[in-house]
Amino acid sequence: MIDRCIKKSPEAFFREAKDTLDRNEAELEKNAKNSREIKANLETIKATVLVLQQFAPEIHEFRKYLCDIDRKVDEVNKKLDDIKGDIKNIRAILGKSGEYSQLTKELAELEEAYNAIPDSNSQVRIRISKQIESQKQAIEAFRQDVLRMAETFSKITIDSERLRQAQAAFESGDFKRTGELLNATDLESDQERLLALKEERRRKKDELDNQLRHNATEYLIKAQATELDLSNPNRFEETKTYYLQSIRSCAFHDNLFGLAYYHQRYNRFDDAEATYLRIFSELGNTLPLENRALTLNNLAILHKAKNEFGRAEDEFSEALTLYRNLANSNPSVYLLYVAKTLNNLAILHETINKTDLAEREFAEAQAIRKEIEKN
Numbered sequence: 001m002i003d004r005c006i007k008k009s010p011e012a013f014f015r016e017a018k019d020t021l022d023r024n025e026a027e028l029e030k031n032a033k034n035s036r037e038i039k040a041n042l043e044t045i046k047a048t049v050l051v052l053q054q055f056a057p058e059i060h061e062f063r064k065y066l067c068d069i070d071r072k073v074d075e076v077n078k079k080l081d082d083i084k085g086d087i088k089n090i091r092a093i094l095g096k097s098g099e100y101s102q103l104t105k106e107l108a109e110l111e112e113a114y115n116a117i118p119d120s121n122s123q124v125r126i127r128i129s130k131q132i133e134s135q136k137q138a139i140e141a142f143r144q145d146v147l148r149m150a151e152t153f154s155k156i157t158i159d160s161e162r163l164r165q166a167q168a169a170f171e172s173g174d175f176k177r178t179g180e181l182l183n184a185t186d187l188e189s190d191q192e193r194l195l196a197l198k199e200e201r202r203r204k205k206d207e208l209d210n211q212l213r214h215n216a217t218e219y220l221i222k223a224q225a226t227e228l229d230l231s232n233p234n235r236f237e238e239t240k241t242y243y244l245q246s247i248r249s250c251a252f253h254d255n256l257f258g259l260a261y262y263h264q265r266y267n268r269f270d271d272a273e274a275t276y277l278r279i280f281s282e283l284g285n286t287l288p289l290e291n292r293a294l295t296l297n298n299l300a301i302l303h304k305a306k307n308e309f310g311r312a313e314d315e316f317s318e319a320l321t322l323y324r325n326l327a328n329s330n331p332s333v334y335l336l337y338v339a340k341t342l343n344n345l346a347i348l349h350e351t352i353n354k355t356d357l358a359e360r361e362f363a364e365a366q367a368i369r370k371e372i373e374k375n
């Protein structure tokens, strides 16, 4: 290399060096251009990805939508196949039916008679035309009846020899035989036997329900007695357990209310509220008015303790309305409850600075108590 450089003139050497530099510079420029293009393409791809990410939920939903459409199309196609199969089966059954054959034969005879009548005899043609239309309607009604019967067979489980034979007779087009196989005397005998069995099971269920209610009441008393046993160091947890056992046997107002009140007394407000609300959800319209009023009153006391004054006010007000209605028919029992609820509502109104209301309620409660003391 050194020898070659020495042999060249300085001009040739520098010219060759310049050409080499020019080629390298051109190559670098080309590479730089490619790099810029690659960078631009990457920026475009990045922007596209960002856009697609923004629409990812919509794309996912659209894919789900397309899948749903495909599924529905498959269902429709299956139904169409089923309908085609049903039509084919019905045609086969009708083709074997003597009754259907007779109906179509009579129609053909009417049409033949109609065609044989001269156009001039219009009255006869009209009469036979009506008969033809009536016969067509009879044939269509017959088809529909057969179709409904086929649908009935398709919807049930063929689980007896009698039904299997009846289905076979139907599919052979022998509708009379189908009815004969389902003998009315046998059906009535089965019906009476099954109804008697159903009644026996209902009676046994009622007996079991009564026994469970009795068991629930015994557990309720056990819970109440346990709570009163001050010598029992585990009475709190055992009381709760017995309330739950009572409810397990049979949930009714007294054991649900007892458990809710138990929670409330020991400041387990969330458990108490859930159990009070369970009274309404499970007993609903079967709940006597006095029990509904009592539950509302206690629920209002609970919500007042939780500073949920709006809910407490609504519940006290509803309980008061119920007690007033009950007192109208039985004042000796329920007037005292009216007074107690008025007093509770007055305390709440005093707490939330509705002093005028509170004063009126206190006064009414006091007047009711004086009236009760007189009697």
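Counting from 1, one number per residue, gives the positions in the sequence shown under UniProt numbering. Idealized CB from N, CA, C, for every residue including glycine.
Nearest-angstrom Cα separation, counted from residue j out to residue i
i: S134; j: G98; result: 19 Å
i: E27; j: A40; result: 20 Å
i: N234; j: R369; result: 40 Å
i: L335; j: T275; result: 27 Å
i: Q123; j: R143; result: 31 Å
i: K240; j: E290; result: 25 Å
i: Q54; j: I93; result: 60 Å
i: H60; j: A47; result: 20 Å
i: S332; j: L320; result: 16 Å
i: N121; j: I158; result: 56 Å
i: K374; j: A367; result: 11 Å
i: R360; j: L322; result: 19 Å
i: L244; j: R193; result: 40 Å
i: S317; j: Y266; result: 25 Å
i: G203; j: L197; result: Correcting the residue identity first, residue 203 is Arg in this sequence and not Gly. Approximately 10 Å between the Cα atoms of the pair.
i: I38; j: K64; result: 36 Å
i: V51; j: P57; result: 12 Å
i: E186; j: K105; result: Correcting the residue identity first, residue 186 is Asp in this sequence and not Glu. Taking the straight line joining both Cα atoms gives about 36 Å.
i: A116; j: L110; result: 10 Å
i: residue 425; j: E218; result: Outside the displayed range of the chain (1 to 375) lies residue 425, so it cannot be described from this structure.
i: Q211; j: D190; result: 31 Å
i: L277; j: L287; result: 12 Å
i: A300; j: D270; result: 13 Å
i: E200; j: T152; result: 30 Å
Proximity winner among the options, relative to residue i (alpha-carbon distances)
i: L259; options: N232, L220, C250, N234; result: L220
i: F309; options: Q366, A346, Y334, A274; result: A346
i: E161; options: N291, R143, N183, N330; result: N183
i: E140; options: A166, L103, E109; result: L103
i: I279; options: I247, R268, N34; result: I247
i: L296; options: P331, F257, I117, Y266; result: F257
i: D254; options: A216, S329, D229, N344; result: A216
i: E237; options: L212, Q211, R268, V49; result: R268
i: E364; options: N285, E151, L342; result: L342
i: residue 411; options: E111, D119, I117, Y100; result: Given a span of 1 to 375 for the chain in the structure shown, any question on residue 411 remains unanswerable.
i: R213; options: S249, E199, Q191, D229; result: S249
Neighbourhood of residue i by C-beta distance below 7 Å, restricted to the same chain and skipping five residues each side
i: Q264; result: A272, N298, L302
i: E251; result: Here residue 251 is Ala; the residue named in the question, Glu, does not match the sequence. Only E282 meet the Cβ criterion.
i: E350; result: A358
i: K304; result: A312, L348
i: S172; result: K96
i: L181; result: R162, Q165, A166, A169
i: M149; result: F170
i: T178; result: A166, A169, F170
i: K155; result: none
i: R324; result: V338
i: V146; result: I90, I93, L94
i: F175; result: S97, E99
Cβ neighbours of residue i in the same chain (closer than 6 Å, five flanking residues each side left out)
i: I2; result: At I2 the pLDDT is 46, less than 50, meaning the model places this residue with poor confidence and gives no usable figure here.
i: E188; result: none
i: F362; result: A346
i: L107; result: Q135
i: D229; result: R235
i: F62; result: none
Other residues of its chain near residue i: CB distance less than 8 Å, five sequence neighbours each side excluded
i: Y114; result: R125, I128, S129, I132
i: I372; result: L335, L336, A339
i: L326; result: L289, E290, A293, V333, Y334, Y337
i: N232; result: T226, E238
i: Y261; result: A272, N298
Segment contact flag, the stretch 298-313 with the stretch 347-358, C-beta cutoff 8 Å, min 3 pairs: yes
Touching by the beta-carbon criterion (3+ pairs, under 8 Å), the stretch 191-211 and the stretch 222-240: no
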